[in-house]
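Protein chains in written order, with our numbering: chain U, 50 to 221; chain C, 979 to 1080; chain X, 257 to 965. Structure record follows, encoded as structure tokens.
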Amino acid sequence: MLIDTVLFYIFAAMVLSGAIFTITRRSAVHSAISLICSLLGVAGLFLLQRAEFLFAVQIVLYVGGIMVLFLFVIMLVNLDLAAKARQFNRAWAVGIAAVAVVGAEMAWFLYRGRAAFHIAENGGAGLGSAAAGNTEMIADSLFSEYLLPFEIASVLLLVAVVGSVVMAKKRI
Amino acid sequence: MYPVTTIHYLALSAALLLIGTVGVLTRRNIVIILMSIELILNAVNINLVAFSHALSNINGQVFAIFVITDAVAEAAVGLGILIALFRNKETVQADEIDLLKW
Amino acid sequence: MNFLDQIWLIPLFPLLGAALMLFFGKLLDPQPVGQASGPAHHGQAEGLPHQTSLRKLIDFICPGMVLLSFVFSLGAIYQLRQLPGRVYQVIQFTWIAGLPFHMANGHLATFQADWGFLLDPLSSVMILVVTGVGFLIHVYSTGYMAHDNGYYRFFGYLNLFVFFMLMLVLANNYMLLFVGWEGVGLCSYLLIGFYFHKKSACDAGKKAFVVNRVGDAGFVLGMLLMMSVLGTVKFTDVNAILRSGQFPAETAGFGVLSAIAILMFFGATGKSAQVPLYVWLPDAMEGPTPVSALIHAATMVTAGVYMVARSAALFQLTPSASAVVAVVGAFTAILAATIALVQNDIKRVLAYSTVSQLGYMFLALGVGAYWVAIFHLFTHAFFKALLFLGSGSVIHAVGGEQDMRRMGALKNKIPITHWTMFAGSVAIAGIPGLAGFFSKDEILWQAYSSPLGSKALWFVGLATAGLTAFYMWRLMNLTFYGRSRVAPETEKHVHESPASMTVPLTLLAIGSVLAGWLGTPKLWNLGASFHKFETWLAPMFATGAAEPAGEAGHSASLEWMLMGLSVAVAIVGISIARYFYHNRPDIPDSLEKSFKPLHTLLYNKWYVDEIYDFLFVNGLGKGGGRVFGAFDRTVVDGGVNGAGWLTRFSSKVSIWWDTWIVDGAVRLTSFSVKLLSYPACLLETGRVQTYAFFVVAGLLAFFGYYIAR
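Next up, the structure:
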């Protein structure tokens, strides 16, 4: 258990520090690298919770796919001017204040509800075993119970791909 | 050392969500705003997986997959819009794009 | 094979040919660049014909299509004979569906026109003539037009014409008949103006088109009136209504049926070149000769005859309209015959002869002898097509010369042409034993004996017969006999036409000799097979009432006498022509000198063209233009200006109202909305992040609500 706890705090530190660096860096490339760090931390957290399939998806899709997309765009779009300009908008203080209040409210919720979660600590039993692994179970659920949403999601992806190609084309 | 419980994950998720929200609300660079949105979606995923783990219910992970799907679609479309925008207006600053202003 | 159900294919074959020619013909027959197409009967002098091997395909496709139609027609008619009613309709589809309208008597009726085909004895005769004679003329054209440019165009138009003509005669209602009617008019225009670089040809085409439109207006009006009175335009329905006795015969006066009949007949005068609308036909001779033969002699101009015969049930109820038809026919016959006496252009003589013969047909129709009219149409198609094609062969031989004064003594140089034309001339003159005699004599007898006929009509017909014999033999003598007046350098090249031209001539000559034997006089008592024509057509024109005792009321000796008289007149005409133009060529000249004014009058065609020019082209067209101009300037313009002033005034009032009342209200509304919306507008920055901030603020409030609760 100890190793789990240590790993949790390491990954949590990775996630939060990566996130904070992401939103504070001047250079978009630095932001992207910080984001990768944060997403890797999230992947680690998935692994800690025995979501092996999601761990793989997180790394392959986010770190491998979306981040490459971001980097492409960063290289494609000239961000030199943006890097020299102001980084935060005029109303940043209002925004942070609002978010701080929301955070306080959420902290209050968590504090009030903390007792409710002790009972459910069964350590993820039944989320994968030797007989039926995690991937198998997800597939089972996805392709039977959630087949229709799965198909709709595929259509959504297709639409998104077509839409982004159309928008990114030189001449519309 | 205290064992890690679901509440830890929820707190982490909330913190990540707030950081992402701050990014969306305050940054001017649209690329970074899009990254912040990815952060928010990841916060949601952490939440979903944590509950899935706590309740031993696979549905949480299935939903996480759908969220990732959405994130991919959103990133693709958002970056497509960004490129079109940059080609037409030569800027990536979110507060310079205010044609919708009355 | 059931040909009867396939009669819709009969018009389709020529249409296919036309489509092939007009869309792809240019590939088969490449046109020389920068060289106007023209009449190239100057034959050998013209140089090599630019024939390609592909062009030979046209020779097979176009006549082949018409031959296919002919075969299908024969098959269909053979099967029609075995049907008890001898009427067969094929309705392809509903063409104009269910238009409700109020008939003249106030009843609500539904107007419907089908794309349907009707084969009965009448249309069977017509399709045989159109496809049979049409095929021979197509074959002839492959030889005649061999040296012309626009070969594919010519055949495309010709096939298109055959298509429309077949539509005309096979239609099962007046509406569809009108489609063919207009279509043949169009093809006639296109073919008259085939040599479009010649101004006279273009003018002739336009004239034919415009004059035909005048007649068509009558036809359309007649058709609409019929629709309004009878509620249908389908032949079978129209005949059924008219023969049911629902409408009494208008013997005494001039009623609505007579109006329909007269309007339709007016349409027929346009298409069939009768007084007053005959003027286009002689000019139509500007077209290539096969066109004159096919369209302006054998088929299209008989469309009017066909249409009146088709409306026999209508004309049987309207004696006064029939009388008009007879008088117009007789008048046209003799007027055209007198003009033909003095014309020098070989084709023009034949053109006036055609007008005259068409007059005969209308005379027959007018006196109620419908089958005789169709019989004459049938025989006339043979001998007039023959004469035209023969004249084309002559023109071909003498290198494009059409003036008979520069022909003569061609008999031995072009023997086949001569003998076939000889047969045609004998036939048209009315010598017993050949086709023309039987039909013409029957017309004369009917004009005399029919209850609708009269001695005057008979006499006019007889005089015309004499004139016909005279001018035809004048033509023959000037062209083939006597001494040669051909220009010396042309004379060397005079040659018989190729087989593609002489074979059709021969076949038509055989037809001219034999066609008449289908309708020999009853007097001759040759048995049923010799007046098949009448028995075949009889059901078409049966009124249902008892036969009028016309023929029976006259004695056989009288009929023999009249027959002898008409033969005598024909022989006298031929003899005088022979004497004048062969034995004593000086007599016509001296006659011409002593009757100078008469000759001038006839030579200038009774100045009808000039009168029409004066009355309609200049009078109505230009003089009327002046009147209308004055009317326009004072009355119409005054009205327009007054209306303009009124409009200006009312617009001023309207402007004031708009500016102060309407605009004021609008501005007030918009101003108040703007005022009220101003606070809300402050929230709208147009920046995405502001909106996102509102989302967060909403979240804040939402959470706050739960905490505060």
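Here a beta-carbon is modelled for each residue, glycine too, at the ideal position from N, C-alpha and C.
Quick one: Cα of residue i to Cα of residue j, how far?
| i | j | result |
| --- | --- | --- |
| Val91(U) | Ile1024(C) | 7 Å |
| Phe95(U) | Ile85(U) | 15 Å |
| Phe870(X) | Ala665(X) | 41 Å |
| Ala725(X) | Ile830(X) | 5 Å |
| Thr610(X) | His552(X) | 8 Å |
| Ala68(U) | Arg1005(C) | 13 Å |
| Ala1032(C) | Pro981(C) | 14 Å |
| Val864(X) | Ala460(X) | 15 Å |
| Phe836(X) | Met732(X) | 12 Å |
| Leu550(X) | Asn361(X) | 43 Å |
| Ser190(U) | Pro198(U) | 11 Å |
| Val1040(C) | Val112(U) | 19 Å |
| Leu384(X) | Asp842(X) | 45 Å |
| Gly806(X) | Gly341(X) | Bear in mind that the predicted position of Gly806(X) carries a pLDDT of just 47, short of 50, making it too unreliable to give a figure here. |
| Asn428(X) | Ala798(X) | 19 Å |
| His297(X) | Asp404(X) | Caution is warranted here: a pLDDT of 45 is assigned to His297(X), below 50, making its placement in the model unreliable, and the coordinate value is therefore given only provisionally. Cα-Cα distance, rounded: 8 Å. |
| Leu446(X) | Tyr408(X) | 13 Å |
| Leu570(X) | Ala505(X) | 9 Å |
| Thr574(X) | Ala719(X) | 28 Å |
| Thr999(C) | Val944(X) | 13 Å |
| Tyr737(X) | Asp261(X) | 52 Å |
| Gly487(X) | Gly372(X) | 18 Å |
| Asp1073(C) | Phe1029(C) | 38 Å |
| Cys937(X) | Val929(X) | 12 Å |
| Ser997(X) | Lys667(X) | Past the edges of chain X, shown from 257 to 965, lies residue 997(X), and the structure says nothing about it. |
| Leu284(X) | Gly436(X) | 28 Å |
Within the continuous alpha helix (DSSP H) that includes residue i, where are the two ends?
| i | result |
| --- | --- |
| Pro356(X) | Here Pro356(X) belongs to no alpha helix (DSSP H); instead the beta strand (DSSP E) covers Tyr344 to His358. |
| Leu764(X) | Ala755 to Leu770 |
| Ala641(X) | Tyr626 to Ala653 |
| Gly145(U) | The sequence given here has Ile at residue 145(U), not Gly. Taken as a continuous stretch (DSSP letters only), the alpha helix (DSSP H) holding Ile145(U) covers Trp141 to Gly162. |
| Trp792(X) | Lys788 to Phe797 |
| His79(U) | Ala77 to Leu97 |
| Tyr451(X) | Premise fails: Tyr451(X) is in no alpha helix (DSSP H) and is neither H nor E. |
| Trp536(X) | Trp536 to Asp539 |
I need the boundaries of the beta strand (DSSP E) containing residue i, first residue and last residue.
| i | result |
| --- | --- |
| Ala402(X) | Where Ala402(X) is concerned, there is no enclosing beta strand (DSSP E), given that its DSSP letter is neither H nor E. |
| Trp862(X) | Where Trp862(X) is concerned, there is no enclosing beta strand (DSSP E), given that its DSSP letter is neither H nor E. |
| Thr366(X) | Leu364 to Leu375 |
Report yes if the C-beta of residue i is less than 7 Å from at least one heavy atom of the ligand FMN; otherwise report no.
| i | result |
| --- | --- |
| Leu956(X) | No copy of the ligand FMN appears in this structure; indeed no ligand is present at all. |
What are the partner residues of residue i, as DSSP defines its beta bridges?
| i | result |
| --- | --- |
| Ala586(X) | None; Ala586(X) has no bridge partner. |
| Asn1007(C) | Gln1071(C) |
| Asn429(X) | Lys490(X) |
| Phe137(U) | Arg1005(C) |
| Asp659(X) | Asp601(X) |
So residue i contacts chain D; which residues on that side make the cut at Cβ distance below 9 Å?
| i | result |
| --- | --- |
| Phe57(U) | Looking for chain D here will not work: the only protein chains present are U, C and X. |
(request) Kindly confirm or deny that the stretch 462–479 of chain X and the stretch 583–591 of chain X touch, where touching means at least three C-beta pairs closer than 8 Å. (result) no
(message) With three or more beta-carbon pairs closer than 8 Å as the criterion, would you say the stretch 401–421 of chain X touches the stretch 453–470 of chain X?
(response) no
(message) At a CB distance below 8 Å, what residues from the stretch 1002–1030 of chain C approach chain U? Give them in sequence order.
(response) Leu1003, Thr1004, Arg1005, Arg1006, Asn1007, Val1009, Ile1010, Leu1012, Met1013, Ser1014, Glu1016, Leu1017, Asn1020, Asn1023, Ile1024, Val1027, Ala1028 and Ser1030
(message) Any contact between the stretch 69–85 of chain U and the stretch 110–129 of chain U? By contact I mean 3 or more CB pairs, one from each, below 8 Å.
(response) yes
(request) Could you tell me whether the stretch 390–402 of chain X touches the stretch 529–541 of chain X, where touching means 3 or more Cβ pairs closer than 8 Å? (result) no
(message) Under 8 Å, CB to CB, which of the residues in the stretch 134–164 of chain U have a partner in chain X?
(response) Asn138, Ala140, Val143, Gly144, Ala147, Val148, Val150, Val151, Glu154, Met155, Trp157 and Phe158
(message) For the structure I just gave you, are there three or more beta carbon pairs, one from the stretch 628–648 of chain X and one from the stretch 688–705 of chain X, closer than 8 Å?
(response) yes
(request) Scan the stretch 941–959 of chain X for residues whose Cβ lies nearer than 7 Å to a Cβ of chain U and list them as they occur along the chain. (result) Gln945, Phe949, Val952, Ala953, Leu955, Leu956 and Phe959
(request) Mind the definition here: the stretch 137–145 of chain U touches the stretch 993–1004 of chain C only if three or more C-beta pairs lie below 8 Å; say whether that holds. (result) yes
(request) Residues of the stretch 177–201 of chain U with a CB closer than 7 Å to any CB of chain C: list them in chain order, please. (result) Met186, Ile187, Ser190, Leu191, Tyr195 and Pro198
(request) Would you be able to state if there are at least three C-beta pairs under 8 Å between the stretch 596–606 of chain X and the stretch 564–572 of chain X? (result) no
(message) Closer than 8 Å between beta carbons: that is the criterion. Which residues of the stretch 1065–1076 of chain C meet it against chain X?
(response) Ala1072, Asp1073, Ile1075 and Asp1076
(request) Take every Cβ of the stretch 778–785 of chain X, pair it with every Cβ of the stretch 644–662 of chain X, and state whether three or more of those distances are shorter than 8 Å. (result) no
(request) Give a yes or no on contact between the stretch 739–752 of chain X and the stretch 844–853 of chain X, applying the rule of three or more CB pairs nearer than 8 Å. (result) no
(message) Contact between the stretch 261–268 of chain X and the stretch 318–328 of chain X is defined here as three or more beta-carbon pairs at a separation below 8 Å; is this criterion met?
(response) yes
(request) State whether the stretch 986–998 of chain C contacts the stretch 152–161 of chain U, with contact taken as three or more CB pairs (one from each stretch) at a distance under 8 Å. (result) yes
(request) Report yes or no: do three or more beta-carbon pairs, one from the stretch 636–646 of chain X and one from the stretch 702–716 of chain X, lie closer than 8 Å? (result) no
(request) Could you run through the stretch 1040–1051 of chain C and flag, in chain order, every residue whose CB is less than 8 Å away from some CB of chain U? (result) Val1040, Ala1042, Ile1043, Phe1044, Ile1046, Thr1047, Asp1048, Ala1049, Val1050 and Ala1051
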